[in-house]
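In the working numbering, the protein residues as written are 1 to 295.
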Amino acid sequence: MRIDAILKPNSYHVIKGDIYYCLPKHLGDIKQTEVKTYSHRAEEFDAKKALHMDRPLFTTPMREYGKEDTMFLEIAGGMGQHGLNMMKDGYKVIESDIAVGATKRSKKIAQTLGIDETGAWAVIDAENLPFQDDTLDGVWMIASLHHLPHPKKALSEIFRILKPGGCILIGYEPAKWQYILLFPFMWIIRKILRAMNPRRPVSKADDVTFGFSKRHLTKMLNKAGFSNIRIAPIHYLYKTYKNYRILVSKFLGHTYKESKTVRETLIKIDVEIAKIPALRNTTWDWDCLAYKQAT
């Protein structure tokens with residue numbers, strides 16, 4: 001799928017593999033490390049798992065716009081499971097990442113699965129989007145906003161490129177409390193893991209970012225221009241279990257695996273925990289949905 005018509009002039013060139021390369025000439029240290037880290041991790045993307053989603057209803061707000069004359073963008077998508085699933089169902093999706101390696105691998109997987117006809121792939125910086133104003137119906141990003149040096153700028157850019165009535169969906173954004181209470185422990189763990197495998201590039205974003213409170217997210221979205229903002233807590237016991245399993249896997253050098261039964265049971269319990277007012281804000285992560293007001 002070609003997207004030249006909605007890109008700003010002189011903001012891109014097409015590289016091998018028919019991928020739109022839209023990065024600015026100069027990237028800061030954090031972003032350069034993100035490029036190296038996630039290009040390296042792209043080797044781990046498994047085509048057999050590309051259409052698997054822990055939360056298949058996550059992109060429902062996007063799907064409600066329909067397929068006719070609509071186009072959607074995922075920012076910092078990595079392999080892009082949600083985007084690939086939407087392509088499979090006939091939606092026009094631009095799958096993007098700041099890492100060239102991740103973008104190329106995502107497209108190759110889509111081609112292998114035969115679902116790339118309604119997709120386009122672009123290498124972009126979330127804080128400097130190459131799209132013209134009012135061109136996309138929906139934008140989503142998963143566990144990525146806190147990795148950006150200037151998240152407010154990214155939200156303003158997303159607001160700019162959305163059509164009136166379009167929406168932004170932000171998933172799995174970490175809550176601020178964990179960075180405050182667990183930062184010393186997390187800092188030590190990251191140091192140890194880096195020392196264990198010094199040649200493996202590791203993101204620096206978590207060293208300098210501290211998650212968001214619900215109030216902070218609401219304030220940033222409002223300032224960017226969004227309205228009808230909905231922020232919901234997700235992940236309590238399940239994320240605790242998952243973080244423990246991931247940590248053990250990294251120290252032992254094993255591939256991360258989890259019990260499907262345990263995961264489904266803990267997610268059900270988490271749904272009930274989220275209903276308890278006194279515990280709602282102890283969530284590990286937030287989901288956010290907001291709209292650009294229709295004219």
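Note that the Cβ used here is the ideal one computed from N, Cα and C, for glycine as well.
Taking DSSP as the reference, what is the three-state secondary structure of I267?
Assignment of I267 by DSSP, reduced to helix, strand and coil, places it in the helix class.
If we count the other Cβ atoms within 10 Å of its Cβ and call it buried at 16 or more, is A278 buried or exposed?
Exposed, because fewer than 16 other Cβ atoms sit within 10 Å of the Cβ of A278.
Considering only residues of the same chain and omitting the five flanking positions on each side of M62, which have a CB-CB separation below 8 Å?
Only F72, M86, Y91, D137, G138, W140, C167, L169 meet the Cβ criterion.
DSSP beta-bridge partners of N128
Answer is D125, bridged to N128.
May I ask you to check if the CB of D287 is nearer than 7 Å to at least one heavy atom of the ligand SAM?
As far as ligands go, the structure on display features none, and thus does not contain the ligand SAM.
Identify whether W286 lies in helix, strand or coil by the three-state DSSP scheme.
In the structure shown, W286 sits in a strand (DSSP, three-state: E or B).
When DSSP labels each residue in this structure, what does R220 get in the three-state scheme?
Rather than Arg, the amino acid found at residue 220 in this sequence is Met. In the structure shown, the three-state DSSP call for M220 is helix.
Ends of the alpha helix (DSSP H) at D137?
Segment 136-142 is the beta strand (DSSP E) holding D137; no alpha helix (DSSP H) there.
Is E272 buried or exposed, if buried means 16 or more other CB atoms sit within 10 Å of its CB?
Counting Cβ neighbours within 10 Å, E272 comes out exposed, since fewer than 16 surround it.
Can you list the alpha helix (DSSP H) stretches of 4 or more residues lying completely in the segment 3-60, in chain order?
Entirely contained in the segment 3-60, the alpha helix (DSSP H) runs reaching 4 residues are, in chain order, 29-41.
With a threshold of 7 Å on Cβ separation, who are the neighbours of H301 within its own chain once the five nearest residues in sequence on each side are excluded?
Residue 301 lies beyond the residue range present for the chain, which begins at 1 and ends at 295; the question has no answer from this structure.
Residue environment, Y291, which counts as buried when at least 16 other CB atoms sit within 10 Å:
With 16 or more other Cβ atoms from the protein chains shown falling within 10 Å of its own Cβ, Y291 counts as buried.
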